[in-house]
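132 is the number of the first residue of the sequence shown in our numbering; add one for each residue after it.
Ideal Cβ positions, reconstructed from N, Cα and C, are used throughout, including at glycine.
Just so you know, these numbers come straight off a predicted model, no measurement behind them.
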Amino acid sequence: MDIEPPPFRVNQYRLFMCIETTNNSTVYLASKPPSSQKIILKFIPLNGKIPIERIDNECTLQCEIQHSYIMPINDFFDFQQYRVIVMPRANGGTIVNALAENVITSITCICKIMYRTLHSIFYLHQLSILHGDIKPSNIVLMDTNSEEPQPRLIDFGHAVRLRESEYCNCNLMTCSYSAPEVLLRQPHSFPSDIWSLGATFYFLVTGQSVLHLKDLDLMARDAMNLNLTFESGFGPAFPESGRSLIRMMMHHDPSMRPIAEYCIQNPLFIETIGYEWVEAEGGSILRSDIFTSFSQDEDEMLY
132 MDIEPPPFRV
142 NQYRLFMCIE
152 TTNNSTVYLA
162 SKPPSSQKII
172 LKFIPLNGKI
182 PIERIDNECT
192 LQCEIQHSYI
202 MPINDFFDFQ
212 QYRVIVMPRA
222 NGGTIVNALA
232 ENVITSITCI
242 CKIMYRTLHS
252 IFYLHQLSIL
262 HGDIKPSNIV
272 LMDTNSEEPQ
282 PRLIDFGHAV
292 RLRESEYCNC
302 NLMTCSYSAP
312 EVLLRQPHSF
322 PSDIWSLGAT
332 FYFLVTGQSV
342 LHLKDLDLMA
352 RDAMNLNLTF
362 ESGFGPAFPE
372 SGRSLIRMMM
382 HHDPSMRPIA
392 EYCIQNPLFI
402 ETIGYEWVEA
412 EGGSILRSDI
422 FTSFSQDEDE
432 MLY
């Protein structure tokens, strides 16, 4: 049965326009009078395809999460047949939009987005939270400032908290940014986030997706036999250290993918952004000797 669209006023919020509709939710541009500041209201049908437990989990996790590069939620409540999630507006749009509209203008800009997003994943994995749906459309920019891009990770509808050494079969969906083990319908864990983030970085650098939607088994075969080239977009000028990082993140074997902390410490970021910026941004977890002693510490930095 079709679900009626929400009215133009929902509690204290005023709705202006629908900006996105997916199979699972509808997103509106809104405000909370008397303020004219635009915000986002995400409407999830309570009697739709998503189990209520998963909707509750999304809200609970996002209320718990507090990180500079993860989109916060301001409020959530039930209205008629919907769960409504209230969030700040990302004026820069997704990184898909940002690439198309030339908001992302340099390798330095790309590397700052990569570095800050890696910090958000490091934070989640430290909390034992698997995001489960990392892709370019789930990373937004808060504004159009290409000098200091402010990425935010969004959409925790597939997120799950895992116990130590636990695997899940929770995110078996068809997505061109899904890791090989997910496409193969195998149990998976935090390395699947790393693969998806690597695929997202590849898109950020080249403007190309590594996989294309088709039969799951064919997608899995392609994901297991990648030949990553960097011939489009910013790829030809992208440093080898960055190319190597993305290839490691997208290793077909989950146990051979680097953990988020190791990715953060890749030389790419000091090479392209500079030590002072990196130190100011995340120096608390920077270990300058990690690369000279990688052969000794390798087991600690892989899954």
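The DSSP-derived three-state label of Asp-324 is helix.
Ser-327 sits buried, since 16 or more C-beta atoms from the chains shown fall within 10 Å of its C-beta.
Comparing alpha carbon positions, the residue from Pro-389, Leu-314 and Met-350 closest to Leu-433 is Pro-389. Sequence-distant Cβ neighbours of Met-350 in its own chain, meaning closer than 6 Å and more than five residues away, are Leu-314 and Leu-342. The straight-line gap separating the alpha-carbon atoms of Gln-197 and Pro-203 is approximately 7 Å. Just measuring C-alpha positions, the residue of Gly-224, Ala-229, Ile-186 and Thr-191 sitting nearest Gln-212 is Ile-186. About 10 Å separates the beta carbons of Gly-373 and Leu-335, which is beyond the 8 Å limit, so they are not a contact pair.
Contact between the segment 233-248 and the segment 289-298 is absent, with fewer than three C-beta pairs closer than 8 Å. The straight-line gap separating the alpha-carbon atoms of Glu-184 and Glu-362 is approximately 44 Å. In its chain, beyond the 5 residues on either side, His-198, Tyr-200, Ile-201 and Leu-284 have a beta carbon closer than 7 Å to the beta carbon of Ser-251.
Per DSSP, Tyr-254 lies in no beta strand (DSSP E) segment; the continuous alpha helix (DSSP H) that holds it begins and ends at 238-257. Residue pairing for Asp-209: DSSP places it in a beta bridge opposite Arg-214.
Judged by pairs of C-beta atoms under 8 Å, the segment 219-226 touches the segment 269-281, as three or more such pairs exist. Excluding five sequence positions before and after Cys-240, the CB atoms of its chain that fall closer than 7 Å to its own CB belong to Ser-277 and Pro-280, given in chain order. Annotation: Phe-139 to Ser-340 spans about 37 Å, alpha carbon to alpha carbon.
At the C-beta level, Pro-370 and Glu-410 stay beyond 8 Å of one another. Looking at the DSSP output, Met-432 bridges to nothing. Within the segment 267-311, the beta strand (DSSP E) runs of at least 3 residues that lie entirely inside it are, in chain order, 270-272 and 282-284. Where Thr-153 is concerned, there is no enclosing beta strand (DSSP E), because DSSP gives it neither an H nor an E. Beta-bridge analysis with DSSP links Arg-140 to Arg-145. Asn-269 and Thr-360 have their C-alpha atoms some 24 Å from each other. Counting of Cβ neighbours within 10 angstroms places Asp-286 among the buried residues, the total reaching 16 or more. Counting C-beta atoms within 10 angstroms of its own C-beta, Arg-214 has 16 or more neighbours from the protein chains shown and is therefore classed as buried. Collapsing the DSSP output to three states places Phe-400 in a helix.
DSSP lists Cys-149 and Leu-172 as the bridge partner or partners of Tyr-159.
Taking a C-beta distance under 8 Å as the contact criterion, Ala-161 and Leu-146 qualify as a contact pair.
For Thr-225, the three-state secondary structure derived from DSSP is strand. Within a 10 Å sphere around the beta-carbon of Cys-306 sit 16 or more other beta-carbons, which makes this residue buried.
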